[in-house]
Amino acid sequence: MTSLAKTIASFSRAEGILAVLFGLGFVFGFLLTPLGVETRIHELRTPVFAAFFITIGLLLPLAGLVSLFLRKAKLAGVLAVIDASFSFLIPPADQAKFFFTVSPPPAVFVGEYILILVGIGYMLYGARVYSQTR
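If you're matching positions, the sequence shown starts at 963 in the numbering used here and goes up one per residue.
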């Protein structure tokens, strides 16, 4: 059994679910970038928002997943709650044209609302993983 397999096998149920949620968050975060289905990059109000989307959509889920594999579950729980907090704000702000000058395409609209469901999971299991860690 490899070291990675042993680490995955040692996850509690909540840590395993949080790892899956971080994976989903990263995949959907990637899909909502210009490399995925986002077509409005030229309508972005300021480049600072691009850094915000990369941080929330890609870096926080990746950092949370890595921290789980490094057995830093408490940090992963904190990152999950932080990412969820920002994930809840993105779809309403996007609909209000806060980030872009045009409305989101349908694929982005659906992806953002799927990320809200992932964010609910982050809130539930991030707090649970944090409280289980000593």
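Beta carbons: idealized from backbone N, C-alpha and C, even for Gly.
Proximity to Ala1046 [Cα-Cα], best of Phe1014, Leu1077 and Ala971:
Along the sequence shown, read from residue 1 onward, the residue named residue 1046 stands at position 84. Nearest option by C-alpha distance: Leu1077.
Using a Cβ-Cβ cut-off of 7 Å (strictly less than) and excluding sequence neighbours within five positions of Lys1036, which residues of its own chain qualify?
Along the sequence shown, read from residue 1 onward, the residue named residue 1036 stands at position 74. Cβ neighbours of Lys1036 beyond the five flanking positions: Tyr1092 and Thr1095.
Please work out which residues of its chain come closer than 6 Å, Cβ to Cβ, to Gly1083, disregarding the five sequence neighbours upstream and downstream, and give them in chain order.
Numbered from its first residue, the sequence shown carries residue 1083 at position 121. Sequence-distant Cβ neighbours of Gly1083 in its own chain, meaning closer than 6 Å and more than five residues away, are Leu983.
Classify Ala981: buried if its beta carbon has 16 or more other beta carbons within 10 angstroms, exposed otherwise.
Translated into the one-based positions of the sequence shown, residue 981 becomes position 19. Counting Cβ neighbours within 10 Å, Ala981 comes out buried, since at least 16 surround it.
Can you pull the DSSP bridge partners for Leu1006?
For the purposes of this step, residue 1006 is taken as residue 44 along the sequence shown, with counting starting at 1. According to DSSP, Leu1006 bridges with Phe1062.
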